[in-house]
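Colleague: Quick one: this structure, given as structure tokens, is what I'll be asking you about.
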């Protein structure tokens, strides 16, 4: 059973471009969480999704950021018109239920030039 | 609360000694707590968890203690090894989401 898969592992974008980060949860997991991490800091919650639904997006900026978890395919975190401050590691986690352990991917590291 | 760019607190421990990492949580509604280990350049890895109806849980070389009265969580690592060097995060979960603490960097001195 493969773990949580994130891609790309590293992404470089220029200011104003779009970044798309993908997350394939573990098999049988229908709950997906996205977190952002700056160097030497903790993980900041961004959004919690179940299949086709956004459950909690309280940690995600209202502008430029969006997330989806379609019925088929991976969850996508999309950042439009990236700025330098968006440079960070973005981690995805999945869970079979909303009451237990989160399993994390290895992260996608976004660098905005 | 969230980190505001401060460096992570560091705990330095001699190899073979026991380590104790502490964490304060904020949400009285949290009913599930988890400790994660994060090595450089990698995603967080589950270490041990505890539900709010317990005050202690033991794993292999690790013990988690929960004090709900003062909203405090601790992770004890017995006979600390060089491979334990990493950043350790506590996390609390309520009905909606998992919130992470700031983290503690554990440095094991050989």
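Chains as they are written, first to last, in my numbering: chain W, 1 to 113; chain C, 114 to 223.
Even glycine gets a Cβ: it sits at the ideal position worked out from N, Cα and C.
Along the chain, which unbroken stretches of the beta strand (DSSP E) at least 3 residues long are found entirely within the stretch 1–51 of chain W?
Modeller: Listed in chain order, they are 5–7, 10–13, 19–24, 31–37 and 43–50.
Colleague: Are there 16 or more other CB atoms within 10 angstroms of the CB of residue 171(C), so buried, or fewer, so exposed?
Modeller: Residue 171(C) should be labelled exposed.
Colleague: Which residues of chain W have a Cβ atom closer than 8 Å to the Cβ of residue 112(C), listed in chain order?
Modeller: The question about residue 112(C) has no answer, for chain C in this structure spans 114 to 223.
Colleague: Does the Cβ of residue 192(C) lie closer than 7 Å to at least one heavy atom of the ligand COA?
Modeller: Among the components of this structure there are no ligands whatsoever, and the ligand COA is therefore not found.
Colleague: Quick check: is the beta carbon of residue 99(W) nearer than 8 Å to any beta carbon in chain C?
Modeller: Yes, contact with chain C.
Colleague: Along the stretch 30–59 of chain W, what residues have a CB closer than 7 Å to any CB found in chain C?
Modeller: Answer set for the stretch 30–59 of chain W: 33, 40, 41, 42, 43, 44, 45, 48, 55 and 56.
Colleague: Could you give the C-beta distance for residue 65(W) and residue 54(W), rounded to a whole number, given that I count them as a contact under 8 Å?
Modeller: So it is not a contact: roughly 12 Å between Cβ atoms.
Colleague: Would residue 28(W) pass as an interface residue toward chain C - the criterion being a Cβ-Cβ separation below 8 Å?
Modeller: Answer no: the Cβ-Cβ gap between residue 28(W) and chain C never drops below 8 Å.
Colleague: Which residues of chain C have a Cβ atom closer than 9 Å to the Cβ of residue 63(W), listed in chain order?
Modeller: Those do not exist, as residue 63(W) stays about 19 Å from chain C at its closest Cβ, beyond 9 Å.
Colleague: Taking residue 163(C) as the reference, give the member of 154(C), 145(C) and 150(C) with the closest Cα.
Modeller: It is 145(C) whose Cα lies nearest to the Cα of residue 163(C).
Colleague: Are the C-beta atoms of residue 104(W) and some chain C residue less than 8 Å apart?
Modeller: Yes, its Cβ sits closer than 8 Å to a Cβ of chain C.
Colleague: Please report the straight-line C-alpha distance between residue 212(C) and residue 99(W), rounded to a whole angstrom.
Modeller: Cα to Cα, residue 212(C) sits roughly 13 Å from residue 99(W).
Colleague: Kindly list the residues whose CB is nearer than 7 Å to the CB of residue 190(C), restricted to its own chain and excluding five residues on each side of it in sequence; keep chain order.
Modeller: Cβ neighbours of residue 190(C) beyond the five flanking positions: 131, 132, 174, 175 and 197.
Colleague: Count the other CB atoms, across all protein chains shown, that sit within 10 Å of the CB of residue 12(W); report buried if there are 16 or more and exposed otherwise.
Modeller: Counting Cβ neighbours within 10 Å, residue 12(W) comes out exposed, since fewer than 16 surround it.
Colleague: Could you name the residues of chain W that residue 209(C) contacts, counting a contact when the two beta carbons are closer than 9 Å?
Modeller: Residues of chain W passing the Cβ test: 48, 55, 56, 58 and 98.
Colleague: For residue 107(W), would you say it is in contact with chain C, using Cβ-to-Cβ distances shorter than 8 Å as the test?
Modeller: It does: the Cβ of residue 107(W) has a partner Cβ on chain C nearer than 8 Å.
Colleague: Can you pull the DSSP bridge partners for residue 190(C)?
Modeller: For residue 190(C), which the question treats as bridged, DSSP gives the partners 132(C) and 175(C).
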